[in-house]
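Chemist:
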Amino acid sequence: MGKKNRGALPRKHEVPRKNNSAPLIVMGIILVGLFIWIVTGLAGSPSAPQADGPLAEEKDGIQVVIMNLSTAGYNPNSFMVKKGLPVMVRTTSTADAGCVRGIMIPDFGVNVALDTGSDTFTFTPDKTGTFRFTCQMKMSSGTIKVI
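Rendered as structure tokens:
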């Protein structure tokens, strides 16, 4: 006699399970990549320093840079100045500008906290090259090219 399958239920139509984790993994990779792209400034945000930038206007032996401070960062976030001449940076900011109201230029000993609205600070570049400036939290940055 044939063997009987004791204790086993008869199989009905089995539907194969689909693996739903693949789309989630792909979406996760895309989101992580997008996050890194935005945080590192590669998205072309104003916080990503641009090459050289405009040459500061010179008035009565002082180089003048006019800069807007906002949640988007510094604008312009890159500019050129001449070595040995004082640089006056005139800033305009709103209350929501956050940490960008603080500017550090370590190579020139600058570490200032600027008032909301209009404010200024002055420094004299004593060496040539390209130098980085940042907010005090180092979240926004820019470059100064000294020629």
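Position one of the sequence shown corresponds to residue 3 (the working numbering), numbered consecutively onward.
Don't be surprised by glycine CBs; every beta carbon is placed ideally from N, CA and C.
Provide the residue(s) that pair with Gln65 in DSSP beta bridges, ordered along the chain.
Modeler: Position 63 of the sequence shown holds residue 65. Answer is Glu60, Val89.
Chemist: Can we say the region 110–119 touches the region 59–69, given the rule of at least three CB pairs closer than 8 Å?
Modeler: no
Chemist: Per the contact definition of three or more C-beta pairs closer than 8 Å, is the region 132–148 in contact with the region 83–103?
Modeler: yes
Chemist: Alpha carbon to alpha carbon, what distance is there between Met69 and Gly75?
Modeler: Numbered from its first residue, the sequence shown carries residue 75 at position 73. Numbered from its first residue, the sequence shown carries residue 69 at position 67. The straight-line gap from Cα to Cα measures roughly 10 Å.
Chemist: Please name the residue, chosen from Phe135, Ile31, Val148, that lies closest to Gly111 on a Cα-to-Cα basis.
Modeler: Position 109 of the sequence shown, counting from 1, holds the residue named residue 111. Closest by alpha carbon: Phe135.
Chemist: What does Val148 pair with, by DSSP beta-bridge criteria?
Modeler: Along the sequence shown, read from residue 1 onward, the residue named residue 148 stands at position 146. Answer is Val83, Gly131.
Chemist: Opposite Gly35 in the DSSP bridges: which residues?
Modeler: Locating residue 35 in the sequence shown gives position 33, counting from the first residue. Answer is none; Gly35 lacks a bridge partner.
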